[in-house]
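K.L.:
Residues are numbered in our numbering as their position in the sequence shown, beginning at 1, plus a constant of 650.
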Amino acid sequence: MKSNISTMVIIGATSAIAQSVARRYAEHGVRFFLVARSEEKVRAVASDLLARGAASASIYLADLRQRDLHADIIARSIADLGRIDCVLVAHGVMPDQKVLDGDVDATIDSFMTNAVSVISISHRYANVLEGQGGGSLVGLSSVAGERGRRSNYAYGAAKSAMTAFYSGLRARLAPMGVHVMTVKPGPVDTPLTRGVKLPLMANVDVVAYDIERAITKNVKVLYTPGIWRLIMAVVRAIPESLFMKSKF
Numbered sequence: 651m652k653s654n655i656s657t658m659v660i661i662g663a664t665s666a667i668a669q670s671v672a673r674r675y676a677e678h679g680v681r682f683f684l685v686a687r688s689e690e691k692v693r694a695v696a697s698d699l700l701a702r703g704a705a706s707a708s709i710y711l712a713d714l715r716q717r718d719l720h721a722d723i724i725a726r727s728i729a730d731l732g733r734i735d736c737v738l739v740a741h742g743v744m745p746d747q748k749v750l751d752g753d754v755d756a757t758i759d760s761f762m763t764n765a766v767s768v769i770s771i772s773h774r775y776a777n778v779l780e781g782q783g784g785g786s787l788v789g790l791s792s793v794a795g796e797r798g799r800r801s802n803y804a805y806g807a808a809k810s811a812m813t814a815f816y817s818g819l820r821a822r823l824a825p826m827g828v829h830v831m832t833v834k835p836g837p838v839d840t841p842l843t844r845g846v847k848l849p850l851m852a853n854v855d856v857v858a859y860d861i862e863r864a865i866t867k868n869v870k871v872l873y874t875p876g877i878w879r880l881i882m883a884v885v886r887a888i889p890e891s892l893f894m895k896s897k898f
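(1) I'd like to know if the stretch 716-732 and the stretch 686-703 are in contact, where contact means that at least 3 CB-CB pairs between them fall below 8 Å.
(2) Which residue's Cα is closest to the Cα of Leu700: Ala725, Arg673 and Tyr710?
(3) Given that a residue counts as buried once 16 or more other Cβ atoms are within 10 Å of its Cβ, and exposed if not, what is Ile865?
(4) May I ask which residues mark the beginning and end of the beta strand (DSSP E) holding Arg820?
(5) For the beta strand (DSSP E) holding Ile888, just list the boundary residues, first then last.
(6) Does Thr840 come out as helix, strand or coil in the three-state DSSP assignment?
(7) Could you check the C-alpha separation between Val788 and Asp751 for me, to the nearest Å?
(8) Thinking C-beta only, is Asp735 closer than 8 Å to Ser708?
(9) So what does DSSP say about Leu872, is it helix, strand or coil?
(10) Along the chain, which unbroken stretches of the beta strand (DSSP E) at least 3 residues long are found entirely within the stretch 668-715?
(11) For Met831, name the three-state secondary structure that DSSP assigns.
(12) Among Asp755, His829 and Ala852, which one has its Cα closest to the Cα of Val838?
(13) Is the beta carbon of Lys834 closer than 8 Å to that of Ile871?
(14) Along the chain, where does the alpha helix (DSSP H) containing Gly781 start, and where does it finish?
(15) Along the chain, where does the beta strand (DSSP E) that runs through Asp738 open and close?
(16) With a threshold of 6 Å on Cβ separation, who are the neighbours of Lys809 within its own chain once the five nearest residues in sequence on each side are excluded?
(17) Using a Cβ-Cβ cutoff of less than 6 Å, which residues in the same chain neighbour Ser670 once the five nearest sequence positions on both sides are dropped?
(18) How many angstroms separate the CA atom of Pro745 from the CA atom of Ser772?
(19) In the DSSP assignment, the alpha helix (DSSP H) including Thr866 goes from what residue to what residue?
(20) Between which two residues does the beta strand (DSSP E) containing Ser786 stretch?
(21) Where does Ile861 land, buried or exposed, given buried means 16+ other C-beta within 10 angstroms?
(22) What is the rounded straight-line gap between the Cα of Phe893 and the Cα of Ile881?
(23) Excluding the 5 residues preceding and the 5 following Ser786 in the sequence, name in chain order all residues of the same chain whose CB lies nearer than 6 Å to its CB.
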């Protein structure tokens, strides 16, 4: 697939979806700036991308919950790449809702990771892309953010916040030539979901293909696999009195 992206920042570069997306772009000789928490894992990712054809793969180690690091991440990525063509925000955690039900602090911690840190780094990069007059900001949200379900409402609430924020960014930045895309995957077979029995589990490489194609086409909201657009339309239409009784 032809790409006009030559530089890419990946926040949460060790996530399975991010890695699969990056591999697709490495084949085009893209220069990467990879942000992750685990040095061992992100170095392995960088080595893999270089072996696949990436022109470069710089590394920045950070716990993204530490928002005081975000400005430095921005500055270092600009110094390394110059103009940034695409930012992929892919970090997050999949908490156990049963644990969170009895632990308010853990609930807030998960929200800080999945919503606040995502909004913080996305907002900063959005301003960078606005300043340079173009580029793509791509954020991994989830169909879980469409409606609060008893099985994962803390995770869903964070993704809902992210989705709303990206919607506003998209409206604000479209006149400046900045493409903002919200990715809403259904369940994907990744380490985050390993051992969890979920319906319609998607292959991570199929999701990555959909993301690359959607970036090229300037898609605004991507459901992947596409069947989830229809499924979630049905879910949103269920009356609250009935939805409350659902077990999923």
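Cβ coordinates follow ideal geometry from the N, Cα and C atoms, glycine included.
For clarity, every value in this text was computed on a predicted model and none was experimentally measured.
P.N.:
Taking the definition as stated:
(1) Contact fails: fewer than three Cβ-Cβ distances are below 8 Å.
(2) Per the C-alpha coordinates, the member of Ala725, Arg673 and Tyr710 positioned closest to Leu700 is Arg673.
(3) Looking at its Cβ environment, which holds 16 or more other Cβ atoms inside 10 Å, Ile865 is buried.
(4) Segment Tyr803 to Leu823 is the alpha helix (DSSP H) holding Arg820; no beta strand (DSSP E) there.
(5) Here Ile888 belongs to no beta strand (DSSP E), and DSSP marks it neither H nor E.
(6) Here Thr840 sits in coil by DSSP.
(7) Per the coordinates, the alpha-carbon of Val788 lies some 31 Å from the alpha-carbon of Asp751.
(8) For Ser708 and Asp735, no; Cβs fall outside 8 Å.
(9) Per DSSP, reduced to three states, the secondary structure at Leu872 is strand.
(10) If we require 3 residues or more, the beta strand (DSSP E) runs fully inside the stretch 668-715 come out as 681-686 and 706-711.
(11) Three-state DSSP puts Met831 in a strand.
(12) Out of Asp755, His829 and Ala852, Ala852 has the C-alpha closest to the C-alpha of Val838.
(13) A small fix is needed here, since residue 871 is Val in this sequence, not Ile. For Val871 and Lys834, yes; Cβs fall inside 8 Å.
(14) Counting along the chain, Gly781 sits inside the alpha helix (DSSP H) bounded by residues Ser767 to Gln782.
(15) For clarity, residue 738 is Leu in the given sequence; the question names Asp instead. For Leu738, the enclosing beta strand (DSSP E) starts and ends at Cys736 to Val739.
(16) Hits under 6 Å: Ser791, Ser792, Ala794 and Gly795.
(17) So the qualifying residues of the chain are Val854, Asp855 and Ala858.
(18) Going from the Cα of Pro745 to the Cα of Ser772 covers about 22 Å.
(19) Counting along the chain, the alpha helix (DSSP H) containing Thr866 begins and ends at Val854 to Thr866.
(20) Where Ser786 is concerned, the enclosing beta strand (DSSP E) stretches over Gly785 to Leu790.
(21) Ile861 is classed as buried because its beta carbon has at least 16 other beta carbons within 10 Å across all chains shown.
(22) Between the alpha carbons of Phe893 and Ile881 lies a distance of about 14 Å.
(23) Scanning its chain for C-beta atoms nearer than 6 Å, with the 5 sequence neighbours on each side dropped, one finds around Ser786 the residues Cys736, His829 and Ile865, in chain order.
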